[in-house]
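Visitor: Sharing a structure with you now.
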Amino acid sequence: MGSSVIELNGHSLKLEDIISVAREGRKVALDRSAVAFVERGSGMVRTWAKESRVIYGVTTGFGDLSSQFIPPEQSEQLQANLMTSHASGVGDPFPEEIVRAIILLRVNSLIRGFSGISLQTLSRLVDFLNIGIHPVIPCKGSVGASGDLCPLSHLGIALLGLGEVFYRGKRMDTSEALRAAGLEPIVLGPKEGLAMNNGTAGMTGVASIALWEALALVKMADISGAMSLEALHGVPFAFDPRTHDLRPHQGQIMVARNVRALTKNSEIMEKYGNERVQDAYSLRCIPQVHGASRDALQYVQDVIQIEINSVTDNPLIFPSEGEAISGGNFHGQPVALAMDFFGIAMAEIGDIAERRAARLVDGKLSGLPPFLVEHSGINSGFMIPQYVAAALVSENKVLAHPSSVDSIPTSANQEDHVSMGMYSARKGLEILDNVRRVLAIEILLAAQGLDFSKPLFPGVGTRAAYEKLREEVPYLEKDGILYPLIDTIINRMKDRSILKAVEEVTGELE
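For the sequence shown, the working numbering gives the first residue as 6, with consecutive numbering after it.
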């Protein structure tokens, strides 16, 4: 992803940039050409405040209190009060990678100069990223409009030297971390508090991490599906490109190509591929099901890419026209709908994988030893991992219920429709974790199934996955404790070592 400094201008940030900053600690800087826009917008807001011009959040209260005028001499107190009163989140803190993504996205939005933020405040957020000061942001409390008010306020109070942060591996008072880093708390000027907390950086930060993981996980789903296909002596005809060209959904075509690449030169398919006319849907329809989820992810990626480089504040400042316009760019509905779709799409990947896992352990359907163990009865084999997969996909069915279809009024009905976009993103991460676990179970079972076809080799890609797995996960002749094996596969999926081993022989999967 590169080690050079990323210059933020509000226009060109990409998903992979977010990951490099969030996970790898890549440094960021403000694009010099954008700084003038920031200073012009900030200067205009300060002028309006001195003139007592009526502008929401500058010389008025917030939400249902917007009709109350706030005199200029109380401007700094107004912004500080906004941060402290809105920092009311509950629940576990977000992991540091998500906090870093949130900070990055807020900076990238504010650098456009339409929010009235000062260069000093914006630079301090950059300091937080580059020094590694990560505010403690509770994961619960956002309704997704006006943006992520609550979580972003926890970021805002850190600028004031309040609240808590993670710094150098420890959770501590923000004031202590600032002293250790040689930084002073800042004083927020007119509108700066509102610029900090009125936007979608929270939900978009969570969504970005989830999306990045999902793009790799769907490749792993093709690998696990191909392993099951071969372990079950599946029929290759369903992956013939002529079939998929007649229904040219891109995801479907890509998955079929992946399966063909993974099973290329399979001795197992060469011997057994003509035994049946067709397979059960969980094998035969891998391209159609996995492919539809991939197409859904493409939609999600398109939405998130737009949101990454959007201005989601209110009101927006237009210095060239000398205007402040109140609007609704803070509303998280685009992200909420996309991430609800994300959850449904990923849950389906888990659903079909669990069905393949169930087929692998059912000796009547698979033609393999019951529960994939040679001496069943005294040994239960891989009976219970399928139970676990069933539990996980059932959990996902509840989590996949769209949160965006529910809205609850807030702020005395002034903010009477909200997106619930943060929860759409958060539960998307939960679904993703469950799907990874289901795929790990499928891979565990499919590898055991492939052993029963020896000395025949599977295809080049499935063989690479199998051999990488067998470096740490052995063939089981009798019962043993299985959870460490599942955890090992999960970890190898997270570090992408299985995927890398496969792509070394197949080329990059689509």
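Beta carbons are placed, not taken as given, at the ideal position from N, Cα and C, and that holds for glycine. Since the model is a prediction, treat every value here as computed from it, not as a measurement.
Assuming N314 and G332 make a contact with CB atoms under 8 angstroms, what is their CB distance in whole Å?
Guide: Contact flag wrong, Cβ pair sits at about 18 angstroms.
Visitor: Out of curiosity, what's the CA-to-CA distance linking D22 and N203?
Guide: 23 angstroms
Visitor: Which class does M425 belong to by DSSP, given the choice of helix, strand or coil?
Guide: M425: coil per DSSP, three-state reduction.
Visitor: So, under 8 angstroms CB-CB, M208 and V340 are touching, yes? Tell me the CB distance rounded to an integer number of Å.
Guide: About 5 angstroms separates the beta carbon of M208 from that of V340, a gap short enough to meet the 8 angstroms contact definition.
Visitor: Could you check the C-alpha separation between I354 and G198 for me, to the nearest Å?
Guide: Rounded to the nearest whole angstrom, the C-alpha separation of I354 and G198 is 41 angstroms.
Visitor: Under 9 angstroms between the Cβ atoms of K145 and G68?
Guide: no
Visitor: Please confirm if the stretch 125–144 is in contact with the stretch 166–179, defined as three or more CB-CB distances below 8 angstroms between the two stretches.
Guide: Yes, they touch.
Visitor: In the DSSP assignment, the alpha helix (DSSP H) including K145 goes from what residue to what residue?
Guide: Not the alpha helix (DSSP H): K145 falls in the beta strand (DSSP E), residues 143–145.
Visitor: List the endpoints of the continuous alpha helix (DSSP H) containing P460.
Guide: Segment: none, P460 is in no alpha helix (DSSP H) and carries neither H nor E.
Visitor: With distances taken Cα to Cα, identify the nearest neighbour of I103 among G210, E472, L193, E235.
Guide: G210
Visitor: Based on Cα-Cα distance, which residue from Q84, I503, F457 lies nearest to P195?
Guide: Minimum Cα-Cα distance from P195 among the listed residues Q84, I503, F457 corresponds to Q84.
Visitor: For the alpha helix (DSSP H) containing E509, name the first residue and the last one.
Guide: 502–511
Visitor: If you reduce the DSSP assignment to three classes, tell me which class E12 lands in.
Guide: strand
Visitor: Using a Cβ-Cβ cut-off of 8 angstroms (strictly less than) and excluding sequence neighbours within five positions of V33, which residues of its own chain qualify?
Guide: V10, I11, E12, L13, V26, L109, V112, V131, L134, N135
Visitor: Specify the secondary structure class of S123 as computed by DSSP and reduced to three states.
Guide: For S123, the three-state secondary structure derived from DSSP is coil.
Visitor: Would you kindly check if the distance between the Cβ of H249 and the Cβ of P292 is under 9 angstroms?
Guide: yes
Visitor: Should T126 go down as buried or exposed, given a rule of 16 or more other Cβ atoms within 10 Å for buried?
Guide: buried
Visitor: For L165 and L124, I'd like the C-alpha separation in whole angstroms.
Guide: 15 angstroms
Visitor: Going by DSSP, what residue range makes up the alpha helix (DSSP H) through G210?
Guide: Element bounds for G210: 206–236.
Visitor: For the stretch 265–277 and the stretch 495–506, state whether three or more C-beta atom pairs, one from each stretch, are separated by less than 8 angstroms.
Guide: Using a Cβ-Cβ distance cut-off of 8 angstroms, the stretch 265–277 and the stretch 495–506 are not in contact, since fewer than three pairs of beta carbons, one from each stretch, lie closer than that value.
Visitor: Around the C-beta of N496, are 16 or more other C-beta atoms found within 10 angstroms, so that it is buried, or is it exposed?
Guide: exposed
Visitor: Apply the 10 Å Cβ neighbour rule to D356 and answer buried if 16 or more other Cβ atoms are within range, or exposed otherwise.
Guide: buried
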